[in-house]
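In what follows, a structure is listed as structure tokens, so that the remarks can point back to it.
In this note's numbering, the protein residues as written are 10 to 71.
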């Protein structure tokens, strides 16, 4: 297994609708929005925030 180190920590954020939030970011031309993926935490995607932090957004667990 390869460990990738980044300059900044990764932050996880929960939303009620990851798909809708991702679509809103894409429509507003936000750079570096990753694809929507299934995960144990619901649908997830990642985006780089304005401060350079990598943000992973998930749809939440019931």
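Idealized CB from N, CA, C, for every residue including glycine.
Annotation for residue 39: 56 place their beta carbon closer than 8 Å to its own, counting only its chain and skipping 5 residues before and after. Per DSSP, reduced to three states, the secondary structure at residue 45 is coil, with no helix or strand assignment. Taking C-beta atoms as the reference points, residue 61 and residue 54 fail to come closer than 9 Å. Membership of residue 55 in the beta strand (DSSP E) is indicated by the continuous run 53-57.
Boundaries of the alpha helix (DSSP H) around residue 28: 27-36.
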